[in-house]
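K.L.:
Chains as they are written, first to last, in our numbering: chain A, 1164 to 1578; chain B, 146 to 393.
Listed below in structure tokens is the structure:
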């Protein structure tokens, strides 16, 4: 009915008294601003972790078969750790058996890894790089492509040719100002010929993926990366689609259990690590962070509500005459109540809207100066607006009810 | 002169009938009897002034008649409805539909235009925006202010403000127009102008009740009820009233 009019009236009030309105709305503004900013940053962090884990560490629709999980975000007890240490290593035979059982369309790659400092004829010393010995599908699974030169092929892999594909930073450091293709890079004094440079990968939690060197699994690189006690670093398996993930994981699990002669009651003595399993602990952490991020701004909102309540009480006192006039013309209690509730809700929503804008700006600023891809979540905007309206209605309830109960005769005589 | 309303049937031709209205106020432990049994009956289309010195109870009576207050004792029928025992919200509806107020201090909303002020009773009656505007314009035309409808009260003269208030009072086609010292804040020329408006409305068949303490203003009405100490002391036709006042 006159909802629209009440909203317009409230907006006019804000326009007339800019400074007073600013202070009135400060609490709600700050509360909502931090809500939006914190949620955006936490969600951005979540996305950063998820994308990093899914795309850089593991690959899409991929799980790793490992002796123990590689990514441990949750807590690991000492007993768990000891049990892991007693596990048998993952062998090449294990890997072959899994491959034999995979459905058509699924991909598979063996991978061994270590750190090493390569040597080149063009520069003395240099940083450590991740050295990998991997089978060819490793590139497909990790979605790696060469920006210069080429990747090694199946034949080179089978023959164990001493060739290597290096990351951009490795190329820049060990072959400064030179084209690295065809040049020699030594790992543990074994000479390798550089045949390709990988496209830029970026880093994830301080791990620089442009500082890696990948050689064929059967090449001499494996002499450096090999660790018979721990077995293979991992066997990566990529399902053909997200729907197939569970099925393919089950197949791999069955193969491994059979090979290890596990009874149905025994737990797996190997790890199947997918982005989902790696991130379950993260999801929990993120949940706590969102909760903290919602609770702390709530304090700001409570303060904001108290300020709005006071301002509305003043408004009711100032406009007693108006209330009397409206009542004499036939306004019922609920009409007066609605008018003041809409007014305080409008005030508060305006504060929330400014808070949302500031919060989004804050998130964008943080995203700009840090690697976190903070993005404003639509649901947090909806929550911000609803919270604004809610705070306004709660804060306005008491003043509005006082206004609605004024005696028209007394109110008309006011001033 | 026969006082009392015992033989009058509420409703039909009688727009206001009160029987034995008393109104007591508790002023810090002391009970003040503002009305001590008022019997008044007013027909449709009458133009009545309620007069009396300050403290006579005329403001209290006007509040009761205007449904802003309820009597402590006694019955009050407005347009056939017994309104003496209604709740706040029921009274609000009655005020909205049956009563058009005109106040001494105009009581317009200062930030709203003349048109919006006149629209207000229709807002609370739940009338649609388009019809509201049309009817408000029509009411402003009745008081010759259609060319001022976009002005705010502070852009209007006292007489114009009071005419806006009259338009607002008329817009819901009320059973009674209830004016409380309508010329109290106006100079004599403007007062005459407002009195002419009331006369025209009365001629058109509008029931008008005017509360005043000025005998020369009361003399414009066709019937004058004089209150003294919370009771009706006289209730005469205009001619008789003028005669009486002239003698004093």
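All residues carry an ideal CB built from backbone N, CA and C; glycine is no exception.
(1) Going by C-alpha to C-alpha distance, which of B:322, B:338, B:330 sits closest to residue 192 (chain B)?
(2) Please list, in chain order, the chain B residues whose beta carbon lies closer than 8 Å to that of residue 1183 (chain A).
(3) Which complete beta strand (DSSP E) runs does the segment 187 to 263 of chain B hold, if anything under 3 residues is left out?
(4) Can you give the Cα-Cα distance for residue 1285 (chain A) and residue 1339 (chain A), rounded to whole angstroms?
(5) Report the neighbours of residue 1572 (chain A) on chain C: residues whose CB is nearer than 8 Å to its CB, in chain order.
(6) So with CB distances below 7 Å, who are the chain B contacts of residue 1485 (chain A)?
(7) Could you name the residues of chain B that residue 1490 (chain A) contacts, counting a contact when the two beta carbons are closer than 7 Å?
(8) Taking all protein chains shown into account, do 16 or more other C-beta atoms lie within 10 angstroms of the C-beta of residue 170 (chain B), making it buried, or fewer, making it exposed?
(9) Once DSSP output is grouped into helix, strand and coil, what is the label at residue 1249 (chain A)?
(10) Shorter than 7 Å from the beta carbon of residue 1207 (chain A) to some beta carbon of chain B?
(11) With a cut-off of 7 Å, does the C-beta of residue 171 (chain B) fall near any C-beta of chain A?
(12) What's the call for residue 1469 (chain A), buried or exposed, on a 16-neighbour Cβ count within 10 Å?
(13) Starting from the C-beta of residue 148 (chain B), find all residues in its chain whose C-beta is less than 8 Å away, skip the five residues before and the five after it, and write them out in chain order.
(14) For chain B, find out if any of its Cβ atoms is closer than 7 Å to the Cβ of residue 1494 (chain A); answer yes or no.
(15) Does the CB of residue 251 (chain B) have a neighbour CB from chain A at under 7 Å?
(16) Less than 8 Å between the CB atoms is what I'm expecting for residue 1328 (chain A) and residue 1314 (chain A), so what's the real figure, rounded?
(17) Residue 1254 (chain A) to residue 1410 (chain A), Cα distance in whole Å?
(18) Look at the alpha carbon of residue 268 (chain B) and the alpha carbon of residue 350 (chain B), and state the distance between them as a whole number of angstroms.
(19) Over the uninterrupted alpha helix (DSSP H) stretch that includes residue 343 (chain B), give me the two end residues.
(20) Mind checking which residues open and close the alpha helix (DSSP H) that includes residue 1490 (chain A)?
(21) Check residue 1561 (chain A) in the structure and name its three-state DSSP category.
(22) Return no unless some Cβ of chain A is closer than 7 Å to the Cβ of residue 221 (chain B).
(23) As a quick exercise: from A:1510, A:1521, A:1493, pick the residue whose alpha carbon is nearest that of residue 271 (chain B).
(24) Can you tell which of A:1189, A:1222, A:1276 has its C-alpha closest to the C-alpha of residue 1405 (chain A)?
(25) Taking the Cβ atom as the reference point for each residue, do residue 1505 (chain A) and residue 1175 (chain A) lie within a distance shorter than 7 Å?
(26) Can you name the residues of chain B whose CB is closer than 7 Å to the CB of residue 1504 (chain A)?
(27) Alpha carbon to alpha carbon, what distance is there between residue 232 (chain B) and residue 221 (chain B)?
(28) Can you name the start and end residues of the alpha helix (DSSP H) that residue 1198 (chain A) belongs to?
(29) Quick one: give me the first and last residue of the alpha helix (DSSP H) that residue 360 (chain B) is part of.
(30) Does the distance from the C-beta atom of residue 1518 (chain A) to that of residue 1192 (chain A) stay below 7 Å?
(31) Name the chain A residues that come within less than 9 Å of residue 330 (chain B), Cβ to Cβ?
(32) Residues of chain B with CB closer than 9 Å to the CB of residue 1498 (chain A), please, in chain order.
(33) Would you kindly check if the distance between the Cβ of residue 258 (chain B) and the Cβ of residue 306 (chain B) is under 7 Å?
(34) Would you kindly report the start and end of the unbroken beta strand (DSSP E) that includes residue 1379 (chain A)?
(35) Excluding the five sequence neighbours on either side, which residues of its own chain have a C-beta within less than 7 Å of the C-beta of residue 1268 (chain A), listed in chain order?
(36) So what does DSSP say about residue 1338 (chain A), is it helix, strand or coil?
P.N.:
Well, looking at it:
(1) Against the second chain, residue 192 (chain B) aligns to sequence position 47. Checking every option, the nearest Cα to that of residue 192 (chain B) belongs to B:322.
(2) Working through the first chain from its first residue, we reach residue 1183 (chain A) at position 20. Within 8 Å Cβ-Cβ: nothing; residue 1183 (chain A) doesn't reach chain B, min ~16 Å.
(3) 192 to 196, 218 to 223, 244 to 247
(4) The sequence position of residue 1285 (chain A) within the first chain is 122, counting from 1. The sequence position of residue 1339 (chain A) within the first chain is 176, counting from 1. For residue 1285 (chain A) and residue 1339 (chain A), the distance between alpha carbons rounds to 7 Å.
(5) The question asks about chain C, but that chain is absent: this structure's protein chains are A and B.
(6) For the purposes of this step, residue 1485 (chain A) is taken as the residue at position 322 of the first chain. What residue 1485 (chain A) touches in chain B: 254.
(7) Your numbering for residue 1490 (chain A) matches position 327 in the first chain. Chain B residues near residue 1490 (chain A): 237.
(8) As a working note, residue 170 (chain B) is residue 25 in the second chain. Answer is exposed; the Cβ neighbour count stays below 16.
(9) Counting from 1 along the first chain, the entry for residue 1249 (chain A) is found at position 86. It is coil, neither helix nor strand.
(10) Taking the first residue of the first chain as position 1, residue 1207 (chain A) is located at position 44. Residue 1207 (chain A) does not count as touching chain B.
(11) As a first step, residue 171 (chain B) must be located in the second chain, where it is residue number 26. No - not a single Cβ of chain A is within 7 Å of the one on residue 171 (chain B).
(12) Start at 1 with the first residue of the first chain, and residue 1469 (chain A) comes out as number 306. Residue 1469 (chain A) is exposed by the Cβ-count criterion.
(13) Indexing the second chain from 1 puts residue 148 (chain B) at position 3. Interpretation of residue 148 (chain B) is limited by its pLDDT of 49, a score under 50 that renders its predicted location unreliable; no figure is taken from the coordinates.
(14) Position 331 of the first chain, counting from 1, holds the residue named residue 1494 (chain A). Output row for residue 1494 (chain A): interface = yes.
(15) On the second chain, position 106 is the one that residue 251 (chain B) refers to. So no, residue 251 (chain B) is outside the interface.
(16) Numbered from its first residue, the first chain carries residue 1328 (chain A) at position 165. Numbered from its first residue, the first chain carries residue 1314 (chain A) at position 151. Confirmed, Cβ separation roughly 6 Å.
(17) The count along the first chain starts at 1 and reaches residue 1254 (chain A) at position 91. The count along the first chain starts at 1 and reaches residue 1410 (chain A) at position 247. Near 23 Å, if we compare the C-alpha coordinates of residue 1410 (chain A) and residue 1254 (chain A).
(18) Sequence index remark: in the second chain, residue 268 (chain B) carries index 123 (1-based). Sequence index remark: in the second chain, residue 350 (chain B) carries index 205 (1-based). Using only the alpha carbons, I get a separation of about 25 Å.
(19) In the second chain, counting from the first residue as 1, residue 343 (chain B) sits at position 198. From DSSP, the alpha helix (DSSP H) with residue 343 (chain B) extends over 333 to 348.
(20) Counting from one through the first chain, the residue named residue 1490 (chain A) turns up at place 327. Start and end: 1483 to 1491.
(21) On the first chain, position 398 is the one that residue 1561 (chain A) refers to. Correct three-state label for residue 1561 (chain A): helix.
(22) Taking the second chain and counting its residues from 1, the one referred to as residue 221 (chain B) is at position 76. Chain A contact via Cβ: absent.
(23) One-based indexing of the second chain puts residue 271 (chain B) at position 126. The shortest C-alpha separation from residue 271 (chain B) is found at A:1493.
(24) What you label residue 1405 (chain A) is simply residue 242 of the first chain in a count that begins at 1. Ranking A:1189, A:1222, A:1276 by Cα distance to residue 1405 (chain A) puts A:1222 first.
(25) Here residue 1505 (chain A) refers to the residue found at position 342 of the first chain. Here residue 1175 (chain A) refers to the residue found at position 12 of the first chain. No, the pair does not count as a contact, with Cβ atoms beyond the cut-off.
(26) By one-based count along the first chain, residue 1504 (chain A) stands at place 341. Those do not exist, as residue 1504 (chain A) stays about 16 Å from chain B at its closest Cβ, beyond 7 Å.
(27) As a position in the second chain, residue 221 (chain B) is number 76, starting the count at 1. As a position in the second chain, residue 232 (chain B) is number 87, starting the count at 1. Cα to Cα, residue 221 (chain B) sits roughly 14 Å from residue 232 (chain B).
(28) Position 35 of the first chain, counted from the start, is the residue given in the question as residue 1198 (chain A). Its alpha helix (DSSP H) spans residues 1181 to 1214.
(29) Position 215 of the second chain holds residue 360 (chain B). 360 to 363 is the extent of the alpha helix (DSSP H) around residue 360 (chain B).
(30) On the first chain, residue 1518 (chain A) is found 355 positions in, with the first residue counted as 1. On the first chain, residue 1192 (chain A) is found 29 positions in, with the first residue counted as 1. Taking 7 Å as the Cβ cut-off, residue 1518 (chain A) and residue 1192 (chain A) qualify as a contacting pair.
(31) Along the second chain, read from residue 1 onward, the residue named residue 330 (chain B) stands at position 185. By Cβ distance, chain A contributes nothing, its closest Cβ being about 14 Å from residue 330 (chain B), past 9 Å.
(32) The residue labelled residue 1498 (chain A) in the question sits at position 335 within the first chain. Correct list: 237, 268, 269.
(33) Here the question's residue 306 (chain B) lines up with position 161 in the second chain. Here the question's residue 258 (chain B) lines up with position 113 in the second chain. No, they are not a contact pair.
(34) Along the first chain, read from residue 1 onward, the residue named residue 1379 (chain A) stands at position 216. Start and end: 1375 to 1379.
(35) Along the first chain, read from residue 1 onward, the residue named residue 1268 (chain A) stands at position 105. 1403.
(36) If you number the first chain from 1, residue 1338 (chain A) lands on position 175. Three-state result, residue 1338 (chain A): coil.
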